[in-house]
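**Student:** According to our numbering, the sequence shown is numbered sequentially starting from 2.
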Amino acid sequence: MSKKQLIVDIDRESVRFTRLDGITVEQQFHFDFKDKTDFGYKNQLDVFLGKTDFRSLEWDEYSLSWFSEKSTLLPFSIFNETDFVKVFELAYGKSVDENHIDFNRIPEYSCTNIYEIPLWVKSFFVMRFPRMIMQHEGSHAIRGLISGAGFKMNLLISIHENHFLILATHQNELKYYNTFEYETAEDIVYHAAHVIQQNNWQSEKGKLRFVPGLIKSKEKADKAKELLQKLPPFQNLKIEESQNLLSQFQILCV
Numbered sequence: 002m003s004k005k006q007l008i009v010d011i012d013r014e015s016v017r018f019t020r021l022d023g024i025t026v027e028q029q030f031h032f033d034f035k036d037k038t039d040f041g042y043k044n045q046l047d048v049f050l051g052k053t054d055f056r057s058l059e060w061d062e063y064s065l066s067w068f069s070e071k072s073t074l075l076p077f078s079i080f081n082e083t084d085f086v087k088v089f090e091l092a093y094g095k096s097v098d099e100n101h102i103d104f105n106r107i108p109e110y111s112c113t114n115i116y117e118i119p120l121w122v123k124s125f126f127v128m129r130f131p132r133m134i135m136q137h138e139g140s141h142a143i144r145g146l147i148s149g150a151g152f153k154m155n156l157l158i159s160i161h162e163n164h165f166l167i168l169a170t171h172q173n174e175l176k177y178y179n180t181f182e183y184e185t186a187e188d189i190v191y192h193a194a195h196v197i198q199q200n201n202w203q204s205e206k207g208k209l210r211f212v213p214g215l216i217k218s219k220e221k222a223d224k225a226k227e228l229l230q231k232l233p234p235f236q237n238l239k240i241e242e243s244q245n246l247l248s249q250f251q252i253l254c255v
């Protein structure tokens, strides 16, 4: 019998709730946040849950994927000997309250993802779904890519409203992980091409998976995909768009 899993994909702009039956999407609801204050986020989420039966349904698993552009990886060997808050501050300064800094261990890659997650996210979902497993989107992406990477080059681009996450695996190893701010589709293509050129992968065959994520409009995403399909650095890659890829990667975290 397949498992019923409640999956939440969320950032500061939007949220998507998915009811997964095994690997099949049964229901999906997506809305954009209007009031972007701590109280506003919680209120809008409460109103949404009041319109659904998600809290009363029986679930086998609960998981949440949070995206923040502030995310950095650290090998276990270093993480175990240091203060993860200090590591985060070294990368991003002291602009984030240390209570908003958390981490996920990723045994598949022997590393830890240190990232920012506001307290309103944790307090809201833990109170309503106590068994909810919360991780950064990058942690899910790494785990998902590594689990089925193989030796060919695999590139994943997850686009959000103002930032995007890009990571790459090759020969069963994570070779690249970063987030960037962007304004146009050309910005996304530029950074993707740079990853390929930096690693001399121009002649490599592989796959590029393109995830529109939680963006309000797909215009930039569609334009970026169109450019990727035409430009020389990407000619050897099979380009696929998958709206639910990162949601399906959450199956691996529970």
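From the three backbone atoms N, C-alpha and C, an ideal C-beta is built for every residue, glycine too.
Here the structure is a predicted model, which is why all the values come from computation and not from measurement.
Output needed for E317: all residues of its chain with C-beta closer than 8 Å, excluding positions within five of it in sequence on either side, in chain order.
**Tutor:** Because residue 317 is not part of the residues shown, which for the chain are 2 to 255, the question remains open.
**Student:** Work out the CA separation of L75 and L1 for me, nearest whole Å.
**Tutor:** Outside the displayed range of the chain (2 to 255) lies residue 1, so it cannot be described from this structure.
**Student:** Determine, using beta carbons only, whether F104 and F126 come nearer to each other than 8 Å.
**Tutor:** Here residue 104 corresponds to residue number 103 of the sequence shown, with the count starting at 1. Here residue 126 corresponds to residue number 125 of the sequence shown, with the count starting at 1. In this structure, F126 does not lie closer than 8 Å to F104 by Cβ.
**Student:** Could you check the C-alpha separation between K176 and K71 for me, to the nearest Å?
**Tutor:** Counting from 1 along the sequence shown, the entry for residue 176 is found at position 175. Counting from 1 along the sequence shown, the entry for residue 71 is found at position 70. Each residue's Cα considered, the two are about 19 Å apart.
**Student:** So is R56 buried or exposed if we call it buried at 16+ other beta carbons inside 10 Å?
**Tutor:** Along the sequence shown, read from residue 1 onward, the residue named residue 56 stands at position 55. With fewer than 16 other Cβ atoms within 10 Å, it is exposed.
**Student:** Quick one: what does DSSP say L246 is sitting in, helix, strand or coil?
**Tutor:** By 1-based counting over the sequence shown, the position of residue 246 is 245. In the structure shown, L246 sits in a helix (DSSP, three-state: H, G or I).
**Student:** Let me make sure I understand the geometry here. Which of F32, D22, R106 and S159 has the alpha-carbon closest to that of S78?
**Tutor:** The residue you call residue 78 lines up with position 77 of the sequence shown. Checked all of F32, D22, R106 and S159; the closest Cα to S78 is R106.
**Student:** By the three-class DSSP mapping on this structure, what secondary structure does E117 have?
**Tutor:** Here residue 117 refers to the residue found at position 116 of the sequence shown. E117 falls in the strand class under three-state DSSP.
**Student:** So which of T83, Y116, Y191 and K217 has the shortest CA-CA distance to S96?
**Tutor:** Position 95 of the sequence shown, counted from the first residue, corresponds to residue 96. Answer by Cα proximity: Y116.
**Student:** How close, in whole Å, do the beta carbons of I160 and P213 come, if the pair is a contact with beta carbons under 8 Å?
**Tutor:** Along the sequence shown, one-based indexing puts residue 160 at 159. Along the sequence shown, one-based indexing puts residue 213 at 212. Indeed they touch by this definition, with Cβ atoms about 6 Å apart.
**Student:** For L50 and S3, I'd like the C-alpha separation in whole angstroms.
**Tutor:** Locating residue 50 in the sequence shown gives position 49, where the first residue counts as 1. Locating residue 3 in the sequence shown gives position 2, where the first residue counts as 1. Taking the straight line joining both Cα atoms gives about 24 Å.
**Student:** Does the distance from the CB of D10 to the CB of L215 come in under 8 Å?
**Tutor:** Stepping through the sequence shown from its first residue, residue 10 is reached at position 9. Stepping through the sequence shown from its first residue, residue 215 is reached at position 214. The answer is yes: Cβ separation under 8 Å.
**Student:** My understanding is that Y178 touches L168, with C-beta atoms under 8 Å, so please give their C-beta distance in whole angstroms.
**Tutor:** Along the sequence shown, one-based indexing puts residue 178 at 177. Along the sequence shown, one-based indexing puts residue 168 at 167. Indeed they touch by this definition, with Cβ atoms about 5 Å apart.
**Student:** Report all residues from its chain with a CB closer than 7 Å to the CB of L120; omit the five preceding and five following residues, and keep chain order.
**Tutor:** Residue mapping note: residue 120 aligns to position 119 of the sequence shown, counting from 1. These residues qualify, in order along the chain: N100 and H101.
**Student:** Taking the alpha carbon of S248 as the reference point, which residue from Q28, R13 and E14 has its own alpha carbon closest?
**Tutor:** Counting from 1 along the sequence shown, the entry for residue 248 is found at position 247. The shortest C-alpha separation from S248 is found at Q28.
**Student:** Who are the near neighbours of Q172 in its chain, counting only those whose CB is closer than 6 Å to its CB and skipping five residues on each side?
**Tutor:** Against the sequence shown, residue 172 aligns to sequence position 171. Closer than 6 Å at the Cβ level, and outside the excluded window around Q172, lie F152.
**Student:** So, under 8 Å CB-CB, M154 and G207 are touching, yes? Tell me the CB distance rounded to an integer number of Å.
**Tutor:** Translated into the one-based positions of the sequence shown, residue 154 becomes position 153. Translated into the one-based positions of the sequence shown, residue 207 becomes position 206. That belief holds up - the Cβ atoms of M154 and G207 are roughly 3 Å apart, short of 8 Å.
**Student:** What would DSSP say about R129, mapped onto helix, strand or coil?
**Tutor:** As a position in the sequence shown, residue 129 is number 128, starting the count at 1. Helix at R129.
**Student:** Cα separation between E205 and T83?
**Tutor:** Residue numbering aside, residue 205 sits at position 204 when the sequence shown is read from its first letter. Residue numbering aside, residue 83 sits at position 82 when the sequence shown is read from its first letter. Those two C-alpha atoms are separated by around 37 Å.
**Student:** For the alpha helix (DSSP H) that contains R144, what are its first and last residues?
**Tutor:** Locating residue 144 in the sequence shown gives position 143, counting from the first residue. Its alpha helix (DSSP H) spans residues E138 to S148.
**Student:** So, using beta-carbon positions, are V190 and L157 closer together than 8 Å?
**Tutor:** Along the sequence shown, one-based indexing puts residue 190 at 189. Along the sequence shown, one-based indexing puts residue 157 at 156. No, the Cβ-Cβ distance between V190 and L157 is not below 8 Å.
**Student:** Report buried or exposed for T1, applying the criterion of at least 16 other Cβ atoms within 10 angstroms of its Cβ.
**Tutor:** Missing from the structure shown is residue 1; the chain here goes from 2 to 255 and no further.
**Student:** Output the distance between the C-alpha atoms of K166 and L246, rounded to the nearest integer angstrom.
**Tutor:** Translated into positions along the sequence shown, residue 166 becomes position 165. Translated into positions along the sequence shown, residue 246 becomes position 245. Per the sequence presented here, residue 166 reads as Leu, with Lys not at that position. Their Cα atoms are separated by approximately 14 Å.
**Student:** Does DSSP put S15 in a helix, a strand or coil?
**Tutor:** Along the sequence shown, one-based indexing puts residue 15 at 14. Here S15 sits in strand by DSSP.
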